[in-house]
Amino acid sequence: MANHSSATHVQHHFVDSEQQFDSAKMGMWIFLVTEVLFFGGLFAAYIIYRAWYPELFTLASEELNTLWGGVNTIVLIGSSLTVAMAIKSAQLNQIRNISINLGITIALACVFMVIKYFEYTHKFHLGIFPGEFYTYEGINHPKANIFFSLYYLMTGLHGIHVLVGIGLMIWLLIKASKGAFNSEYYTPVEITGLYWHLVDIIWIFLFPLFYLID
Amino acid sequence: MATAEASSGSTKKLQVRRYKPEERAEKNYLNAEKGIWSWLTTLDHKRIGLLYLAGISLFFAVGGILALLVRMELWTPGPTLGFLTADGYNQLFTLHGAIMIFLFLVPSVPAVLGNFVMPIQIGAKDVAFPRLNLMSWYLYMAGALGTIYVIIAGGIDTGWTFYTPYSSSTGGAVTAMTFGVFIIGFSSILTGVNFITTIHKMRAPGLTWGKLPLFCWGLYATSIIQILATPVLAITLLLVGMERILGIGIFDPALGGDPVLYQHFFWFYSHPAVYIMIVPGFGIVSEVVSTFSKKTVFGYWAIALSSLAIAFIGFLVWGHHMFTSGQASLASTVFSFLTFLVGIPTGIKMFNWLATMHKGSIALKTPLLYVLGFFFLFLIGGLTGIVLATIALDIHLHDTYYVVAHFHFVMVGGMVMALLAGLHYWWPKMFGKMYNETLAKIAAGLILLGFNVTFLPQFVMGAQGMPRRYYNYLEQFTYYHQVSTVGAFILGAGFLLVLGYLVHSLFRGKKAGANPWGSRAMEWQIASPAPPHNFEHTPVVIHGPYDYHRPMEDFQLGLIQSENGHSEHQGAEIASDTDEVKAEE
């Protein structure tokens, strides 16, 4: 790769553009490791409770709407594709396509959150709240509240990550529309894309673990 | 040697020449910009290190005063201090523990000395992500504010371990405290991400992994623990908070949860966390021992890799905190065995340090004095750790003063001694001033004496059955408690003396030269105090940082600048008179 040390986007403490890009990418990968460990605690709790009460998980997962969960899975995988296309557009210096692909990604992420909103409100309506506020009587199991505590915690934390991703991509969209990214410099797009893939992967695990039991 | 030739992997030849550090630099990082605002918005890793130093010193003082109050209360059985009830006492020791661990020990060496020294040691102008670095300081301060809020809002009395179900059902400001620690955790994670990336990507040409200073190796191992363990603490504390707000019932047996699960989660972080606290200290010891023995470190790779080994094994031993929690006996046996294993890399380090000193040209300056204290105290701390890892003994000693004494020998005797060694060692580089050597030695003596008087009796008490965290105790322990309290005040006086002469040195101290210790490491090859961007040139490394058989000139090389002020080095192969090195991996 050519040496772009005189380019304006290189911060003073880096030798060249390549070092800056590699550092940013590596930093994001390490951050993603911490995210995996962060969710890992919740997955560990899930595994333990599922091992202790397998029948609870079969019973309670029937309350979750597999159709809308499936739609959301497709929506998120689609958004991963479009964010990857945004990065590719940047690499190919197709400035306009960066914004278009980012826009589609944001729209898909919003669709995901809207579907999630309807899923949550439907359950609240039935009295399915987390923990001690749980009042639903349709599941004949004394620990049904714990299943839904895990459900709300894990999907809720994932939802917060989706919201953060939407925020980041709106910021990218604003910068992209000002022409900040091109084939020479697209580091923020690349590392936000990495983050977005992780958010997607976590959902790919959450969906079968909660919706597709039995 | 004025210049040497270096040929890159392909065809181009790069010129290196000697850059002798200025002894009296006018412009440095301290006076480059003025005003409080320039400090609060600084992206300079050295200034951020000092911001951390200010925060950490403050909380060390607060935690220390709390400890003195605890020791005063224990002067006699029953109530001693008129204003302190048993509940107040519970809050005191909880806050002492939480402040000392989360606000002092965890961030101390990486955030203060690591931030200041590591980028210079690897020949970089800054850490990889300066803005993230500043953000971690603000997160640290935000978490600290949370702790101050806790003190005002009624305190907490759960102990620093926040065990459920007590922590999920008791009153007080547990939610605020766990939230504060949650935020500090992110500060720690971001520092870890930053350091790993910096050490991987920002090293100067020629600085291979085999020439990386051992302090950087220590920080690297620490950062790995920080990024792998801290997120688990974060999620655990989030669950405790949710337990209190929503009653999610994961940990609370009254809601169908499992309190032992909490202990597993908590110690999965908190055991590696003690290595977060001690491993960077090991790095300081390696630097100091080599510099003041004027000798190449004995067993460089053994010391470097044993840090990684400790980091790795440290993840597999958390169950030794739970021998009395109803854990399966097979699990306890395995955890006990794995805990013994930690002794091996730690022992390797000890022997290598001693071998480094053997037949060295030893200058018994203050930093080395603290390191000798470290050897003595950490040895006791480590060996009593082996005692506690033995299941049968642990059943007897669990939750007694023996554990308290062990922990303080490792953390204060190990970590704080190493921190003081490092602080004295790098003080001239930080401020360009020398402290008073005589007073420093007296203070080191006071601290060493006070520490032993405080904590040695606690081993005896603990073995005789004195439980930890008790407000009241049997008559028979009065003597030991009183000796311990006297020791605590000697220790306190020692720390006050350190504060006194260090502050004095800032205003009246003798000016320090660029390299007062005659070290070969890179941070001593620039002016004191350090210039704003560390290096005006791109430094080139040909010899390891402990090659004392080489003349100083060989450690002051840098690339001759290209026209645009930057120099290429990717994949460059640099050759000096006799040695050849490959840059990057």
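For the protein sequence lines, the chains are A and B, in the order given.
For the first sequence, my numbering puts the final residue at 1372, and the numbers step up evenly by one.
For the second sequence, my numbering puts the final residue at 575, and the numbers step up evenly by one.
The C-beta atom is built at its ideal place from N, Cα and C for all residues, glycine as well.
The secondary-structure analysis by DSSP pairs Arg8 (chain B) across a beta bridge with B:Leu547. Rounded to whole angstroms, the Cβ separation of Tyr252 (chain B) and Ser177 (chain B) is 23 Å, and the two are not in contact under 8 Å.
Here DSSP, grouped into helix, strand and coil, assigns Pro203 (chain B) to coil. Going by DSSP, Gln1249 (chain A) is part of the alpha helix (DSSP H) stretching over Thr1224 to Gln1249. DSSP links Pro529 (chain B) through a beta bridge to B:Gly548. One alpha carbon belongs to Ser260 (chain B), the other to Phe119 (chain B), and they sit about 27 Å apart.
By the rule that beta-carbons nearer than 9 Å mark a contact, Asn123 (chain B) does not touch chain A. For the 9 Å CB-CB criterion, Leu103 (chain B) and Phe205 (chain B) form a contact. Spatial neighbours of Met1271 (chain A) in its own chain (CB-CB distance under 8 Å, excluding positions within 5 residues in sequence) are listed in chain order as Gly1317, Val1320, Leu1321 and Ile1324.
Beta-bridge partners assigned by DSSP to Met424 (chain B): B:Lys500. Ranked by Cα distance from Ser1307 (chain A), the first of B:Arg121, B:Gly482 and B:Ile235 is B:Ile235. In the same chain as Gly1228 (chain A), and ignoring 5 residues on each side of it, the C-beta atoms closer than 8 Å to its own belong to Phe1365 and Tyr1369, in chain order. The CB of Ile179 (chain B) comes closer than 7 Å to the CB of Thr1192 in chain A, given here in chain order. Going by DSSP, Tyr1353 (chain A) is part of the alpha helix (DSSP H) stretching over Thr1345 to Tyr1369.
By the neighbour-count criterion, in which a residue is buried when 16 or more other Cβ atoms sit within 10 angstroms of its Cβ, Gln111 (chain B) is buried.
Boundaries for Trp150 (chain B): no alpha helix (DSSP H) harbours it, and the DSSP string shows neither H nor E there. Within the model, the alpha-carbon separation for Gly1236 (chain A) versus Ser158 (chain B) is close to 41 Å.
Counted as a single uninterrupted DSSP element, the stretch harbouring His1167 (chain A) is not any alpha helix (DSSP H), since DSSP gives it neither H nor E.
The Cβ of Gly247 (chain B) sits closer than 9 Å to at least one Cβ of chain A.
When DSSP states are grouped into helix, strand and coil, Thr286 (chain B) belongs to the coil group.
DSSP, reduced to helix, strand and coil, places Thr314 (chain B) outside both helices and strands of the structure shown, so it counts as coil. By DSSP's assignment, Thr390 (chain B) forms a beta bridge with B:Pro457. Counted as a single uninterrupted DSSP element, the stretch harbouring Lys24 (chain B) is not any alpha helix (DSSP H), since DSSP gives it neither H nor E.
DSSP places Pro357 (chain B) in the helix class (H, G or I) of the three-state scheme. Non-local C-beta neighbours of Met62 (chain B) in its own chain, meaning closer than 7 Å and more than five positions away in sequence, comprise Thr70, Leu71 and Thr475, ordered along the chain.
Across the set A:Tyr1309, A:Thr1293 and A:Thr1263, the C-alpha of A:Thr1263 shows the shortest separation from the C-alpha of Ile1245 (chain A). For Pro109 (chain B), the enclosing alpha helix (DSSP H) begins and ends at Asn105 to Gln111.
Neighbours of Asp116 (chain B) across chain A, judged by C-beta separation under 7 Å: His1171. Within a 10 Å sphere around the beta-carbon of Trp417 (chain B) sit 16 or more other beta-carbons, which makes this residue buried.
Not a single C-beta of chain A is nearer than 9 Å to the C-beta of Ala318 (chain B).
When the beta-carbon positions are compared, Ile1188 (chain A) and Thr212 (chain B) stay at least 9 Å from each other.
Annotation: the segment 164 to 190 of chain B contains no complete segment of the alpha helix (DSSP H) (minimum length 4 residues). In the structure shown, Ile1297 (chain A) falls within a coil segment according to DSSP collapsed to helix, strand and coil.
Contact of Lys191 (chain B) with chain A by beta-carbon distance below 7 Å involves Gln1177, Asp1180, Ser1181 and Met1184. Annotation: the continuous alpha helix (DSSP H) that includes Pro335 (chain B) extends over Ser319 to Met347.
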